[in-house]
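Working notes, beginning with the structure itself.
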Amino acid sequence: GIQVEQSPPDLILQEGANSTLRCNFSDSVNNLQWFHQNPWGQLINLFYIPSGTKQNGRLSATTVATERYSLLYISSSQTTDSGVYFCAGSRTTGGFKTIFGAGTRLFVKA
Amino acid sequence: DAGITQSPRHKVTETGTPVTLRCHQTENHRYMYWYRQDPGHGLRLIHYSYGVKDTDKGEVSDGYSVSRSKTEDFLLTLESATSSQTSVYFCAISTGQANYGYTFGSGTRLTVV
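Those protein sequence lines, which keep their order, are chains Y and H.
Under the numbering used here, think of the first position of the first sequence as 1, with each following residue one higher.
Under the numbering used here, think of the first position of the second sequence as 111, with each following residue one higher.
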């Protein structure tokens, strides 16, 4: 079945620091998404990135499908970046049975 | 997100009672999903739908049933609630098209006492 593993499980940053979160996925995953869950529980889609690189403001993501990993970069972190970051993968474009990793819990200190 | 709403937001129910959670979307997306989120387990897929009356099981479907009689509504039913079903339940929608990810609802916190 699909397997999605994230590292590190926890991360504490000083405001302004940069960080890289990693997601390893099994060879049956064709589609990869990144989400942020804020401290109030809301889940926000950050990137849909089956391959290549995308950027959105201070966040960027790179997926190397041939090596089965994806990276989420957070630059110049802010306290509002705190929360849990999930990657999730599925076999099909339709997203059937999208499986989530356990998440990386990020705390950004002021 | 305004295009997807879950109801109720919070519910406390007794063991053995039936419970139905509702997910309503205004986006006309084909795909809808129910997840549960528990500490230490992340988000786990319960059931999903790929069209009206078309549903299938996810990772943790035991004790749950779903129905989708209209594009906009996806119902999750706990036939006889148990304490192990205490969780936060999230609904998600997607178009299924490439480069279009999930949109999640705000979640329903269910407590079974």
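Just so you know, even glycine gets a beta-carbon here, dropped at the ideal spot from N, CA and C.
Could you please give me the residues that DSSP links to residue i through a beta bridge?
{"i": "residue 6(Y)", "result": "23(Y)"}
{"i": "residue 129(H)", "result": "188(H)"}
{"i": "residue 219(H)", "result": "120(H) and 198(H)"}
{"i": "residue 74(Y)", "result": "19(Y) and 59(Y)"}
{"i": "residue 157(H)", "result": "144(H) and 167(H)"}
{"i": "residue 69(Y)", "result": "24(Y) and 64(Y)"}
{"i": "residue 30(Y)", "result": "DSSP lists no partner for residue 30(Y)."}
{"i": "residue 181(H)", "result": "Residue 181(H) is not bridged to any residue."}
{"i": "residue 176(H)", "result": "186(H)"}
Spatial neighbours of residue i within its chain, please: C-beta separation below 7 Å, excluding the five flanking residues on both sides.
{"i": "residue 103(Y)", "result": "6, 84, 85 and 86"}
{"i": "residue 147(H)", "result": "153, 197, 198 and 200"}
{"i": "residue 14(Y)", "result": "109"}
{"i": "residue 206(H)", "result": "140 and 141"}
{"i": "residue 210(H)", "result": "204"}
Spatial neighbours of residue i within its chain, please: CB distance less than 6 Å, with the 5 preceding and 5 following residues excluded, ordered by chain position.
{"i": "residue 111(H)", "result": "Note that residue 111(H) scores 49 on pLDDT, short of 50, meaning its location in the model is unreliable; the coordinates nonetheless yield the value given after this. For residue 111(H), where only same-chain residues beyond five positions count, the Cβ hits under 6 Å are 213."}
{"i": "residue 48(Y)", "result": "33"}
{"i": "residue 75(Y)", "result": "18 and 58"}
{"i": "residue 202(H)", "result": "143, 212 and 214"}
{"i": "residue 132(H)", "result": "117 and 185"}
{"i": "residue 221(H)", "result": "122 and 196"}
{"i": "residue 111(Y)", "result": "An answer regarding residue 111(Y) cannot be provided, because it is not within the stretch 1 to 110 covered by chain Y."}
{"i": "residue 173(H)", "result": "none"}
{"i": "residue 183(H)", "result": "134"}
Using a C-beta to C-beta distance shorter than 7 Å, which residues of chain C count as neighbours of residue i?
{"i": "residue 103(Y)", "result": "This model lacks chain C altogether; the protein chains it does include are Y and H."}
State yes or no: is the C-beta of residue i within less than 9 Å of the C-beta of residue j?
{"i": "residue 97(Y)", "j": "residue 91(Y)", "result": "yes"}
{"i": "residue 157(H)", "j": "residue 175(H)", "result": "yes"}
{"i": "residue 61(Y)", "j": "residue 46(Y)", "result": "yes"}
{"i": "residue 149(H)", "j": "residue 189(H)", "result": "no"}
{"i": "residue 187(H)", "j": "residue 125(H)", "result": "no"}
{"i": "residue 136(H)", "j": "residue 161(H)", "result": "no"}
{"i": "residue 181(H)", "j": "residue 138(H)", "result": "yes"}
Within a Cβ cutoff of 8 Å, which residues of the same chain sit near residue i, ignoring the five residues on either side of it in sequence?
{"i": "residue 68(Y)", "result": "24, 25, 26, 27 and 29"}
{"i": "residue 11(Y)", "result": "19, 21, 104, 105, 106 and 107"}
{"i": "residue 1(Y)", "result": "26, 28 and 99"}
Practice item. Tell me, please, whether the region 13-33 of chain Y touches the region 188-199 of chain H by the rule of three or more beta-carbon pairs shorter than 8 Å. Key: no
Exercise for review: Examine the Cβ distances between the region 65-84 of chain Y and the region 37-56 of chain Y and report whether three or more of them are shorter than 8 Å.
Suggested key: yes
Review point. How about the region 6-21 of chain Y and the region 159-169 of chain H: do they share at least three Cβ pairs that are nearer than 8 Å?
Key: no
Check your understanding: Contact between the region 47-58 of chain Y and the region 116-124 of chain H: three or more CB pairs below 8 Å?
Key -> no
Exercise for review: Name, going along the chain, the residues of the region 17-43 of chain Y whose beta-carbon falls closer than 7 Å to a beta-carbon of chain H.
Suggested key: 33, 41, 42 and 43
Point to revise | Near-chain Y residues of the region 188-203 of chain H - C-beta to any C-beta below 9 Å | key: 198, 200 and 202
Practice item. Could you name the residues of the region 156-177 of chain H whose beta carbon sits closer than 8 Å to any beta carbon of chain Y, in the order they occur along the chain? Key: 158, 160, 166, 168 and 169
Practice item. Could you list the residues in the region 45-66 of chain Y with a C-beta less than 8 Å from some C-beta on chain H, going in chain order? Key: 45, 47, 48 and 50
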